[in-house]
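When you line the sequence shown up against the working numbering, it's residues 14 to 268, in that order. Beta carbons: idealized from backbone N, C-alpha and C, even for Gly. Note that the structure is predicted; figures quoted are calculated from it, not measured.
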Amino acid sequence: MYYSVRMRAAEGGPHEQGGRHISGAERLASVEEVEAAAAAMIRRALFHPRGAADFINVQIECVDKAAVSEVPALPVSSRSAASVAAARGEAVAELAAAGVAEAAAVRGLNRLAGLAEAMRGAMLVSAADGARLDSSGLRGVRVSRMDGSGDPGLQAYLAERGLLNDHAPEALVLATKVASCPGVVAELCWSDDPGYTTGYVASPARGYCRIPCLKEAGSDQGGRVFFLAETADVSAVCRYLETQPVKVVKGAASK
Ligand code: PML
């Protein structure tokens with residue numbers, strides 16, 4: 014048996030009552046790990062660079078081991094950029110190489126850049142024309158029930174690349190789960206942490222591509238856009254992202 018441990022934190026009350034999103038986290042923990050996982054999440058929410066949370070929700074739920082799928086981590090690569098404009102150009106090029114129509118990539122990127130405040134979850138948009146496909150509004154679709162912290166091979170892969178920071182390991186795990194979802198063509202993300210400007214484009218076709226400078230330092234605006242194929246079943250995509258438990262392990266492609 015595993016336990017899905019999930020945290021979401023906001024300032025100014027609960028998210029559903031208009032609180033500003035501060036932080037979220039996900040683990041699939043063994044019984045021995047549950048308490049430490051929950052404590053680490055609470056600590057993260059209390060001392061987050063986005064502000065002081067006054068609402069912290071921690072949910073712990075049993076997950077049957079037999080329901081958990083094991084997914085190999087996307088291979089990590091990078092593009093370089095020296096300005097936000099150049100970085101966003103690189104992101105559009107990577108999205109296009111992954112199979113997103115260029116106009117849809119630009120439209121999706123502009124949706125993310127135009128958010129008035131950080132979203133808790135992700136927007137689903139069409140990879141053909143960039144139209145919004147989900148109806149979750151400002152809440153977005155939250156990717157849940159995944160973990161990669163228990164795989165020593167994956168941790169070593171990240172350590173060799175200097176990626177054991179507060180963002181990249183969880184982002185790679187989330188992006189790997191998203192890319193394993195039937196119907197997903199690519200993802201674009203940059204963090205809502207004002208001190209972290211590196212983001213990524215991830216895709217089943219090309220892996221996890223890190224891009225520096227995707228936003229200005231000091232900005233607390235960030236989030237995720239998932240680009241879906243025209244044939245994607247949006248309800249099935251939401252179900253998979255929100256409920257399918259996934260353990261991410263080092264894959265053959267992550268050499
Ligand atoms: C987030 O924290 O929400 C996104 C983190 C992006 C990490 C990009 C990277 O460094 O690989």
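Rounded to whole angstroms, how far is the Cβ of L108 from the Cβ of F240, which I believe are closer than 8 Å?
Here the question's residue 108 lines up with position 95 in the sequence shown. Here the question's residue 240 lines up with position 227 in the sequence shown. About 7 Å; that satisfies the 8 Å criterion.
Member of R158, A135 and A98 whose CA lies at the smallest distance from the CA of S149
If you number the sequence shown from 1, residue 149 lands on position 136. Comparing Cα positions, the closest option is A135.
Quick test of the definition: if touching needs 3 or more C-beta pairs under 8 Å, does the stretch 164-175 touch the stretch 127-146?
no
Say yes only if the C-beta of T189 is nearer than 7 Å to one or more non-hydrogen atoms of the ligand PML, and no if none qualify.
Stepping through the sequence shown from its first residue, residue 189 is reached at position 176. Every heavy atom of the ligand PML is 7 Å or more from the Cβ of T189, so no.
Please find out if some non-hydrogen atom of the ligand PML comes closer than 7 Å to the beta-carbon of S90.
Sequence index remark: in the sequence shown, residue 90 carries index 77 (1-based). No, since every heavy atom of the ligand PML falls outside the 7 Å radius drawn around the Cβ of S90.
Along the chain, where does the beta strand (DSSP E) that runs through V197 open and close?
Indexing the sequence shown from 1 puts residue 197 at position 184. Unbroken beta strand (DSSP E) run through V197: V197 to W203.
Can you say whether P258 is buried or exposed, counting buried as having 16 or more other CB atoms within 10 angstroms of its CB?
Taking the first residue of the sequence shown as 1, we reach residue 258 at position 245. Label assigned to P258: buried.
Applying the 10 Å Cβ sphere with the 16-neighbour rule, what's the burial state of E29?
On the sequence shown, residue 29 is found 16 positions in, with the first residue counted as 1. By the 10 Å Cβ count, E29 comes out exposed.
Element boundaries [beta strand (DSSP E), containing G150]:
Walking along the sequence shown from the start, residue 150 turns up at place 137. Careful: G150 lies outside any beta strand (DSSP E) and carries neither H nor E.
Can you tell me whether R19 sits near the ligand PML, meaning its C-beta is under 7 Å from at least one heavy atom of the ligand?
On the sequence shown, position 6 is the one that residue 19 refers to. False, no ligand heavy atom lies under 7 Å from that Cβ.
At the level of alpha carbons, what is the spacing between S204 and G235?
Stepping through the sequence shown from its first residue, residue 204 is reached at position 191. Stepping through the sequence shown from its first residue, residue 235 is reached at position 222. Going from the Cα of S204 to the Cα of G235 covers about 5 Å.
For Y213, is the beta carbon positioned less than 7 Å from some heavy atom of the ligand PML?
On the sequence shown, position 200 is the one that residue 213 refers to. The answer is yes for Y213.
Are at least three pairs of beta-carbons, each pair with one atom in the stretch 215-229 and one in the stretch 88-106, less than 8 Å apart?
yes
Considering only residues of the same chain and omitting the five flanking positions on each side of V262, which have a CB-CB separation below 8 Å?
Here residue 262 corresponds to residue number 249 of the sequence shown, with the count starting at 1. Closer than 8 Å at Cβ, skipping near neighbours: E83, V84, P85, A86, G161, D164, G166 and L167.
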